[in-house]
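Read through the structure below, which is laid out as C-alpha coordinates, and then see the notes.
Residue numbers (UniProt numbering): 1 to 366.
Given below as C-alpha coordinates:
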(Lines of atoms letter the chains of each structure in order from A and count residues from 1; the text may use other names and numbers.)
(Lines give C-alpha, C1' and ligand atoms only; values in the text may rest on other atoms or scores of the structure.)
Protein backbone atom coordinates (compact mmCIF):
# COMPACT_ATOMS: atom_id res chain seq x y z
CA UNK A 1 0.00 0.00 0.00
CA UNK A 2 1.07 3.56 -0.52
CA UNK A 3 1.83 5.56 2.60
CA UNK A 4 0.35 8.60 0.89
CA UNK A 5 -1.58 9.42 -2.28
CA UNK A 6 -0.59 7.70 -5.51
CA UNK A 7 1.72 9.63 -7.79
CA UNK A 8 2.53 9.43 -11.47
CA UNK A 9 6.21 8.49 -11.73
CA UNK A 10 8.17 10.79 -14.01
CA UNK A 11 11.89 11.39 -14.50
CA UNK A 12 13.56 13.53 -11.89
CA UNK A 13 14.38 17.04 -13.02
CA UNK A 14 16.61 17.90 -10.05
CA UNK A 15 18.48 21.15 -10.32
CA UNK A 16 22.24 21.04 -9.86
CA UNK A 17 22.88 23.82 -7.41
CA UNK A 18 26.33 25.30 -6.85
CA UNK A 19 27.84 25.08 -3.37
CA UNK A 20 28.20 28.26 -1.37
CA UNK A 21 29.96 29.09 1.86
CA UNK A 22 28.90 27.11 4.93
CA UNK A 23 26.45 28.85 7.25
CA UNK A 24 25.95 28.80 10.99
CA UNK A 25 24.01 26.22 12.99
CA UNK A 26 20.83 28.19 12.41
CA UNK A 27 20.06 30.07 9.24
CA UNK A 28 17.11 31.45 7.38
CA UNK A 29 16.54 33.64 4.41
CA UNK A 30 14.38 34.74 1.54
CA UNK A 31 15.21 36.36 -1.75
CA UNK A 32 11.62 36.28 -3.00
CA UNK A 33 10.24 36.33 -6.49
CA UNK A 34 12.37 33.67 -8.20
CA UNK A 35 10.64 30.94 -10.14
CA UNK A 36 13.29 28.22 -9.72
CA UNK A 37 12.46 24.71 -8.51
CA UNK A 38 9.51 22.42 -9.17
CA UNK A 39 6.27 23.76 -10.59
CA UNK A 40 5.31 27.05 -12.08
CA UNK A 41 4.07 29.48 -9.40
CA UNK A 42 5.83 31.36 -6.65
CA UNK A 43 6.48 29.39 -3.47
CA UNK A 44 4.40 30.92 -0.69
CA UNK A 45 5.29 28.58 2.16
CA UNK A 46 8.29 28.40 4.47
CA UNK A 47 10.63 25.40 4.45
CA UNK A 48 12.37 24.00 7.53
CA UNK A 49 15.25 21.51 7.42
CA UNK A 50 16.73 19.75 10.46
CA UNK A 51 20.13 18.14 9.96
CA UNK A 52 21.14 15.35 12.36
CA UNK A 53 24.58 16.13 13.82
CA UNK A 54 28.16 17.11 13.16
CA UNK A 55 29.75 13.89 14.43
CA UNK A 56 28.51 11.09 12.14
CA UNK A 57 29.90 12.88 9.09
CA UNK A 58 31.29 16.31 8.25
CA UNK A 59 29.04 16.31 5.16
CA UNK A 60 25.99 17.74 6.93
CA UNK A 61 27.53 21.14 7.59
CA UNK A 62 30.27 21.26 4.96
CA UNK A 63 28.19 20.03 2.01
CA UNK A 64 24.45 19.62 2.62
CA UNK A 65 23.82 22.92 4.39
CA UNK A 66 25.50 25.16 1.79
CA UNK A 67 23.94 23.20 -1.09
CA UNK A 68 20.47 23.56 0.44
CA UNK A 69 21.00 27.26 1.14
CA UNK A 70 22.02 27.81 -2.48
CA UNK A 71 18.99 25.93 -3.78
CA UNK A 72 16.48 27.74 -1.56
CA UNK A 73 17.98 31.15 -2.22
CA UNK A 74 17.87 30.60 -5.96
CA UNK A 75 14.22 29.55 -5.66
CA UNK A 76 13.43 32.64 -3.59
CA UNK A 77 11.75 30.78 -0.73
CA UNK A 78 11.75 31.43 3.00
CA UNK A 79 13.74 28.72 4.78
CA UNK A 80 15.36 27.79 8.06
CA UNK A 81 18.09 25.18 8.55
CA UNK A 82 19.19 23.93 11.96
CA UNK A 83 21.28 21.05 13.30
CA UNK A 84 20.15 18.78 16.15
CA UNK A 85 23.75 17.97 17.15
CA UNK A 86 22.93 14.30 17.70
CA UNK A 87 20.25 15.04 20.32
CA UNK A 88 16.77 13.63 19.59
CA UNK A 89 15.17 15.89 22.21
CA UNK A 90 16.84 18.90 20.64
CA UNK A 91 15.54 17.85 17.22
CA UNK A 92 12.03 17.66 18.66
CA UNK A 93 12.41 21.10 20.21
CA UNK A 94 13.68 22.53 16.93
CA UNK A 95 10.78 20.94 15.05
CA UNK A 96 8.25 22.41 17.49
CA UNK A 97 9.86 25.83 17.10
CA UNK A 98 9.83 25.61 13.32
CA UNK A 99 6.19 24.52 13.26
CA UNK A 100 5.36 27.38 15.61
CA UNK A 101 7.20 29.83 13.36
CA UNK A 102 5.00 28.90 10.41
CA UNK A 103 6.92 26.41 8.29
CA UNK A 104 4.61 24.68 5.84
CA UNK A 105 7.17 22.03 4.82
CA UNK A 106 9.52 20.26 7.22
CA UNK A 107 12.39 18.00 6.11
CA UNK A 108 14.31 15.96 8.69
CA UNK A 109 17.29 13.62 8.78
CA UNK A 110 16.07 11.52 11.68
CA UNK A 111 18.29 10.43 14.55
CA UNK A 112 16.05 7.43 15.11
CA UNK A 113 12.74 6.36 13.63
CA UNK A 114 10.74 6.63 16.85
CA UNK A 115 11.52 10.29 17.49
CA UNK A 116 11.35 11.06 13.77
CA UNK A 117 7.88 9.54 13.46
CA UNK A 118 6.68 11.55 16.48
CA UNK A 119 7.92 14.76 14.86
CA UNK A 120 6.12 13.92 11.63
CA UNK A 121 2.90 13.08 13.48
CA UNK A 122 3.01 16.45 15.27
CA UNK A 123 3.71 18.23 11.99
CA UNK A 124 0.82 16.49 10.24
CA UNK A 125 -1.55 17.53 13.02
CA UNK A 126 -0.59 21.14 12.30
CA UNK A 127 -1.00 20.79 8.55
CA UNK A 128 2.74 20.75 7.86
CA UNK A 129 3.97 18.51 5.04
CA UNK A 130 7.03 16.39 5.88
CA UNK A 131 9.93 14.94 3.90
CA UNK A 132 12.45 12.29 4.94
CA UNK A 133 15.89 13.48 3.84
CA UNK A 134 18.66 10.91 3.37
CA UNK A 135 17.24 8.53 6.02
CA UNK A 136 13.81 6.89 5.88
CA UNK A 137 11.76 7.20 9.08
CA UNK A 138 10.31 3.74 9.68
CA UNK A 139 6.68 4.01 10.79
CA UNK A 140 6.70 7.68 9.87
CA UNK A 141 4.28 9.67 7.76
CA UNK A 142 6.51 11.66 5.40
CA UNK A 143 4.95 12.49 2.05
CA UNK A 144 8.27 11.92 0.28
CA UNK A 145 11.69 10.36 0.77
CA UNK A 146 14.77 11.92 -0.85
CA UNK A 147 18.00 9.96 -0.72
CA UNK A 148 20.49 7.85 -2.61
CA UNK A 149 19.94 4.18 -3.40
CA UNK A 150 21.41 3.01 -0.10
CA UNK A 151 21.37 -0.69 -0.94
CA UNK A 152 23.50 0.17 -3.96
CA UNK A 153 25.87 2.10 -1.69
CA UNK A 154 26.48 -1.12 0.23
CA UNK A 155 26.85 -3.08 -2.99
CA UNK A 156 29.51 -0.64 -4.18
CA UNK A 157 31.33 -0.99 -0.86
CA UNK A 158 31.17 -4.78 -1.01
CA UNK A 159 32.40 -4.91 -4.60
CA UNK A 160 35.07 -2.33 -3.84
CA UNK A 161 36.44 -4.42 -0.98
CA UNK A 162 36.34 -7.54 -3.16
CA UNK A 163 38.24 -5.71 -5.90
CA UNK A 164 40.90 -4.66 -3.40
CA UNK A 165 41.21 -8.12 -1.83
CA UNK A 166 41.15 -10.11 -5.05
CA UNK A 167 40.66 -13.88 -5.23
CA UNK A 168 42.72 -14.82 -2.16
CA UNK A 169 41.20 -16.28 0.98
CA UNK A 170 40.51 -13.39 3.35
CA UNK A 171 39.05 -12.63 6.76
CA UNK A 172 36.66 -9.67 6.80
CA UNK A 173 35.42 -7.44 9.61
CA UNK A 174 32.24 -5.37 9.18
CA UNK A 175 32.11 -2.03 10.98
CA UNK A 176 28.48 -1.07 10.42
CA UNK A 177 26.70 2.24 11.02
CA UNK A 178 24.28 3.12 13.78
CA UNK A 179 21.64 0.47 14.56
CA UNK A 180 19.01 3.23 14.76
CA UNK A 181 19.74 4.40 11.20
CA UNK A 182 17.76 2.52 8.55
CA UNK A 183 20.39 3.50 5.99
CA UNK A 184 23.04 1.59 7.95
CA UNK A 185 20.89 -1.53 7.68
CA UNK A 186 20.62 -1.06 3.91
CA UNK A 187 24.38 -0.46 3.56
CA UNK A 188 25.12 -3.71 5.39
CA UNK A 189 22.52 -5.65 3.42
CA UNK A 190 23.96 -4.39 0.14
CA UNK A 191 27.52 -5.27 1.12
CA UNK A 192 26.53 -8.73 2.33
CA UNK A 193 24.62 -9.38 -0.90
CA UNK A 194 27.92 -9.06 -2.75
CA UNK A 195 30.43 -10.57 -0.33
CA UNK A 196 28.39 -13.45 1.09
CA UNK A 197 28.41 -15.17 -2.31
CA UNK A 198 32.21 -15.20 -2.37
CA UNK A 199 33.25 -18.39 -0.60
CA UNK A 200 36.88 -17.31 -0.22
CA UNK A 201 35.88 -14.62 2.29
CA UNK A 202 35.17 -15.33 5.96
CA UNK A 203 33.47 -12.85 8.31
CA UNK A 204 35.47 -12.87 11.55
CA UNK A 205 33.71 -9.94 13.20
CA UNK A 206 30.77 -7.62 12.71
CA UNK A 207 29.33 -4.90 14.91
CA UNK A 208 27.23 -1.75 14.57
CA UNK A 209 28.62 1.54 15.88
CA UNK A 210 26.10 3.48 18.02
CA UNK A 211 25.35 6.94 16.61
CA UNK A 212 28.11 6.53 14.02
CA UNK A 213 30.50 7.64 16.78
CA UNK A 214 34.08 7.50 15.50
CA UNK A 215 35.66 7.17 18.95
CA UNK A 216 33.43 4.22 19.75
CA UNK A 217 34.24 2.81 16.32
CA UNK A 218 37.96 2.75 17.15
CA UNK A 219 37.28 0.92 20.42
CA UNK A 220 34.91 -1.54 18.74
CA UNK A 221 37.33 -2.27 15.91
CA UNK A 222 40.20 -2.76 18.36
CA UNK A 223 38.09 -5.35 20.17
CA UNK A 224 37.12 -7.11 16.94
CA UNK A 225 40.72 -7.03 15.71
CA UNK A 226 41.99 -8.50 18.98
CA UNK A 227 39.29 -11.18 19.02
CA UNK A 228 40.43 -12.23 15.54
CA UNK A 229 44.07 -12.39 16.78
CA UNK A 230 44.92 -9.69 14.27
CA UNK A 231 44.05 -12.00 11.39
CA UNK A 232 41.97 -9.41 9.53
CA UNK A 233 42.52 -8.98 5.79
CA UNK A 234 39.78 -6.48 4.95
CA UNK A 235 37.42 -4.03 6.67
CA UNK A 236 33.95 -3.19 5.39
CA UNK A 237 33.54 0.21 7.08
CA UNK A 238 30.20 1.90 6.47
CA UNK A 239 31.56 5.45 6.08
CA UNK A 240 34.80 7.40 6.00
CA UNK A 241 34.64 8.26 9.70
CA UNK A 242 34.38 4.60 10.71
CA UNK A 243 37.00 3.72 8.10
CA UNK A 244 39.36 6.30 9.58
CA UNK A 245 38.81 4.81 13.04
CA UNK A 246 39.74 1.35 11.74
CA UNK A 247 42.78 2.78 9.95
CA UNK A 248 44.00 4.36 13.21
CA UNK A 249 44.01 0.92 14.85
CA UNK A 250 45.64 -0.70 11.83
CA UNK A 251 48.36 1.96 11.91
CA UNK A 252 49.14 1.00 15.50
CA UNK A 253 49.47 -2.61 14.39
CA UNK A 254 51.66 -1.73 11.39
CA UNK A 255 48.93 -2.91 8.98
CA UNK A 256 47.60 0.36 7.54
CA UNK A 257 47.76 0.18 3.78
CA UNK A 258 48.10 -3.60 3.90
CA UNK A 259 44.49 -4.21 4.98
CA UNK A 260 41.93 -2.70 2.57
CA UNK A 261 39.29 -0.50 4.22
CA UNK A 262 36.12 0.88 2.61
CA UNK A 263 34.25 4.10 3.31
CA UNK A 264 31.49 6.44 2.23
CA UNK A 265 30.83 10.19 1.84
CA UNK A 266 34.07 11.09 0.03
CA UNK A 267 35.15 13.36 2.88
CA UNK A 268 38.44 15.22 2.74
CA UNK A 269 40.00 12.71 5.14
CA UNK A 270 38.49 9.80 3.24
CA UNK A 271 39.83 11.02 -0.10
CA UNK A 272 43.25 11.63 1.45
CA UNK A 273 43.24 8.08 2.83
CA UNK A 274 42.32 6.75 -0.60
CA UNK A 275 45.17 8.70 -2.19
CA UNK A 276 47.57 7.45 0.50
CA UNK A 277 46.46 3.85 0.00
CA UNK A 278 45.27 3.29 3.58
CA UNK A 279 41.65 3.24 2.37
CA UNK A 280 40.87 1.35 -0.80
CA UNK A 281 37.67 3.16 -1.79
CA UNK A 282 34.86 5.43 -0.73
CA UNK A 283 31.37 6.09 -2.06
CA UNK A 284 30.50 9.54 -3.33
CA UNK A 285 26.98 10.84 -2.89
CA UNK A 286 26.76 14.32 -4.36
CA UNK A 287 25.35 16.64 -1.70
CA UNK A 288 24.62 19.15 -4.43
CA UNK A 289 22.51 16.59 -6.28
CA UNK A 290 20.72 15.36 -3.15
CA UNK A 291 20.09 18.87 -1.84
CA UNK A 292 18.81 19.92 -5.26
CA UNK A 293 16.38 17.00 -5.23
CA UNK A 294 15.18 17.92 -1.73
CA UNK A 295 14.76 21.53 -2.76
CA UNK A 296 12.65 20.48 -5.77
CA UNK A 297 10.35 18.41 -3.55
CA UNK A 298 10.12 20.99 -0.76
CA UNK A 299 9.44 23.85 -3.17
CA UNK A 300 6.74 21.83 -4.92
CA UNK A 301 5.02 21.15 -1.59
CA UNK A 302 5.37 24.81 -0.61
CA UNK A 303 3.47 25.64 -3.80
CA UNK A 304 0.80 23.05 -3.02
CA UNK A 305 1.91 20.80 -5.87
CA UNK A 306 2.91 17.14 -6.19
CA UNK A 307 6.63 16.48 -6.53
CA UNK A 308 8.28 14.48 -9.27
CA UNK A 309 9.52 11.07 -8.13
CA UNK A 310 11.61 8.19 -9.46
CA UNK A 311 9.82 5.35 -7.63
CA UNK A 312 8.79 4.19 -4.18
CA UNK A 313 10.58 2.84 -1.12
CA UNK A 314 9.07 0.17 1.13
CA UNK A 315 8.82 1.04 4.82
CA UNK A 316 9.73 -2.32 6.37
CA UNK A 317 7.81 -1.54 9.56
CA UNK A 318 4.41 -1.71 7.86
CA UNK A 319 5.14 -2.51 4.17
CA UNK A 320 3.81 0.87 3.08
CA UNK A 321 5.30 2.50 -0.01
CA UNK A 322 6.80 5.97 0.24
CA UNK A 323 7.04 8.07 -2.94
CA UNK A 324 10.77 8.55 -3.41
CA UNK A 325 13.57 10.22 -5.27
CA UNK A 326 16.54 7.83 -5.19
CA UNK A 327 19.83 8.97 -6.70
CA UNK A 328 22.80 6.92 -7.94
CA UNK A 329 25.98 6.82 -5.81
CA UNK A 330 29.47 6.51 -7.32
CA UNK A 331 32.40 4.31 -6.31
CA UNK A 332 35.61 6.30 -5.81
CA UNK A 333 39.11 4.82 -5.90
CA UNK A 334 42.54 6.36 -6.33
CA UNK A 335 41.93 6.39 -10.09
CA UNK A 336 38.91 8.72 -9.97
CA UNK A 337 39.29 10.87 -6.85
CA UNK A 338 39.33 13.78 -9.25
CA UNK A 339 35.69 13.13 -10.11
CA UNK A 340 34.64 14.30 -6.65
CA UNK A 341 36.64 17.51 -6.96
CA UNK A 342 35.44 18.14 -10.51
CA UNK A 343 31.83 17.79 -9.29
CA UNK A 344 32.41 20.27 -6.47
CA UNK A 345 32.11 17.65 -3.74
CA UNK A 346 35.45 18.73 -2.27
CA UNK A 347 38.05 21.40 -3.09
CA UNK A 348 41.50 20.45 -4.35
CA UNK A 349 42.92 23.04 -1.96
CA UNK A 350 41.47 21.11 0.98
CA UNK A 351 42.40 17.61 -0.20
CA UNK A 352 45.83 18.32 -1.69
CA UNK A 353 47.52 19.80 1.38
CA UNK A 354 50.93 18.96 2.83
CA UNK A 355 52.07 15.45 2.09
CA UNK A 356 49.01 14.87 -0.12
CA UNK A 357 50.07 17.47 -2.71
CA UNK A 358 52.37 15.06 -4.55
CA UNK A 359 49.76 12.28 -4.34
CA UNK A 360 47.22 14.62 -5.95
CA UNK A 361 49.65 15.39 -8.78
CA UNK A 362 50.16 11.66 -9.33
CA UNK A 363 46.38 11.27 -9.52
CA UNK A 364 46.10 14.11 -12.04
CA UNK A 365 44.50 16.53 -9.57
CA UNK A 366 45.66 20.13 -9.69
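A virtual CB, placed ideally from N, CA and C, is assigned to each residue, including glycine.
Check whether residue i and residue j have beta carbons under 8 Å apart
i, j, result
"residue 325", "residue 77", "no"
"residue 98", "residue 106", "yes"
"residue 109", "residue 66", "no"
"residue 367", "residue 173", "Missing from the structure shown is residue 367; the chain here goes from 1 to 366 and no further."
"residue 237", "residue 346", "no"
"residue 144", "residue 136", "no"
"residue 259", "residue 232", "yes"
"residue 289", "residue 261", "no"
"residue 86", "residue 55", "yes"
"residue 149", "residue 328", "yes"
"residue 128", "residue 104", "yes"
"residue 228", "residue 171", "yes"
"residue 84", "residue 119", "no"
"residue 189", "residue 244", "no"
"residue 256", "residue 198", "no"
"residue 308", "residue 296", "yes"
"residue 200", "residue 168", "yes"
"residue 330", "residue 342", "no"
"residue 225", "residue 247", "no"
Local conformation of residue i per DSSP, three classes
i, result
"residue 170", "strand"
"residue 83", "strand"
"residue 263", "coil"
"residue 361", "helix"
"residue 236", "strand"
"residue 143", "coil"
"residue 331", "strand"
"residue 185", "helix"
"residue 176", "strand"
"residue 337", "helix"
"residue 309", "coil"
"residue 48", "strand"
"residue 222", "helix"
"residue 253", "coil"
"residue 207", "strand"
"residue 58", "coil"
"residue 136", "coil"
"residue 103", "coil"
"residue 229", "coil"
"residue 78", "strand"
"residue 315", "strand"
"residue 16", "Since pLDDT at residue 16 reaches only 33, below the 50 mark, its modelled position is unreliable, and the value read off the structure follows with that caveat. If DSSP states are grouped into helix, strand and coil, residue 16 belongs with coil."
Integer-rounded CB distance, given that residue j should sit under 8 Å from residue i
i, j, result
"residue 242", "residue 351", "Going by Cβ atoms, the distance from residue 242 to residue 351 rounds to 20 Å, so no, they are not a contact pair."
"residue 313", "residue 274", "That pair is no contact at about 30 Å."
"residue 194", "residue 158", "3 Å"
"residue 269", "residue 240", "6 Å"
"residue 138", "residue 316", "6 Å"
"residue 47", "residue 291", "In fact, because the Cβ distance is near 12 Å, the residues do not count as touching under 8 Å."
"residue 134", "residue 147", "5 Å"
"residue 322", "residue 142", "7 Å"
"residue 184", "residue 217", "Incorrect: roughly 12 Å between the Cβ atoms, too far for contact."
"residue 160", "residue 281", "4 Å"
"residue 49", "residue 81", "5 Å"
Outcome for residue i when other beta-carbon atoms lying within 10 angstroms are tallied against a minimum of 16
i, result
"residue 102", "exposed"
"residue 361", "exposed"
"residue 215", "exposed"
"residue 353", "exposed"
"residue 210", "exposed"
"residue 70", "buried"
"residue 358", "exposed"
"residue 365", "buried"
"residue 121", "exposed"
"residue 89", "exposed"
"residue 263", "buried"
"residue 180", "buried"
"residue 130", "buried"
"residue 254", "exposed"
"residue 75", "buried"
"residue 277", "exposed"
"residue 349", "exposed"
Range covered by the beta strand (DSSP E) that runs through residue i
i, result
"residue 66", "Segment 65 to 75 is the alpha helix (DSSP H) holding residue 66; no beta strand (DSSP E) there."
"residue 132", "129 to 133"
"residue 283", "282 to 284"
Range of the contiguous alpha helix (DSSP H) that encloses residue i
i, result
"residue 320", "It is not in any alpha helix (DSSP H) - residue 320 instead sits in the beta strand (DSSP E) that spans 320 to 327."
"residue 88", "88 to 100"
"residue 297", "287 to 302"
"residue 269", "268 to 276"
"residue 163", "150 to 165"
"residue 111", "Run containing residue 111: none; DSSP gives neither H nor E here."
"residue 349", "348 to 351"
Chain B contact for residue i (CB, 8 Å cutoff)
i, result
"residue 285", "You won't find chain B in this structure, because it holds only one protein chain."
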